[in-house]
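Let me begin by presenting the structure, written as structure tokens, before commenting on it.
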Amino acid sequence: MTREPVLGMVFWATDVGALTDFLVAVAGAELRERHPGYAALRLAGSLIEVHADESFRGHPWFHALAREGVARGIGAELLIPVADVAAAYRKALALGAQTIAPPYEFEGRLECEVMGPDGYVFGLWQPWEFATSG
């Protein structure tokens with residue numbers, strides 16, 4: 001029996017394939033379905049759906065997204081646990097992501113922030129135990 005996801009989210013995308021490939025390669029998402037204009041993934045117990053903008057013209061942001069372009073991810077950051085932040089960061093950059101913050105240690109975590117396809121910001125993190133001498 002497949003458990004229902006704990007949390008579900010929808011990303012509206014200009015290029016469903018690019019965002020889907022990014023989430024699989026960088027965040028380790030599991031691809032469940034992929035069709036033109038739609039993809040479904042599982043990540044950390046959550047369901048992520050990626051929809052092409054034109055799939056629902058009644059969406060309240062449809063006209064603003066078409067007019068404004070990449071501002072769709074503004075105001076949100078998706079935090080994703082990964083096995084290796086440095087490797088995920090390098091892969092994100094290779095896929096065209098923009099650096100927001102390169103890997104750094106903060107409160108027991110190693111993390112970085114990147115802006116991926118369509119302006120979505122992703123915080124990639126892993127537990128980190130690093131003792132500094134001083």
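Take 1 as the starting number for the sequence shown in full-length UniProt numbering and just add one per residue. Every residue gets a Cβ at the ideal spot worked out from N, C-alpha and C, and that includes glycine. Note that the coordinates shown come from a computational prediction; the quantities given were computed from them, not determined experimentally.
| Asked | Found |
| --- | --- |
| Whether residue 135 touches TRP128 by CB criterion (8 Å) | Nothing can be reported for residue 135, as the shown portion of the chain is limited to 1 through 134. |
| Proximity below 8 Å, CB of ALA39 to CB of ILE80 | no |
| 8 Å Cβ shell around PHE62 - same chain, five flanking residues per side excluded | ASP53 and PHE56 |
| Where GLU4 falls: helix, strand or coil (DSSP) | coil |
| Minimum length 4: unbroken alpha helix (DSSP H) runs contained in the segment 43-101 | 62-68 and 85-94 |
| Classification of residue 169 by the beta-carbon crowding that lies within 10 angstroms, buried from 16 upward | Since the displayed the chain opens at 1 and closes at 134, residue 169 lies outside it and no answer follows. |
| ALA18 (DSSP reduced to helix, strand or coil) | helix |
| Buried/exposed call for VAL85, threshold 16 Cβ in 10 Å | buried |
| From ARG90, PRO36 and THR20, residue whose alpha carbon lies closest to that of ARG42 | THR20 |
| Separation of ASP15 from GLY73, as counted between CA atoms | 14 Å |
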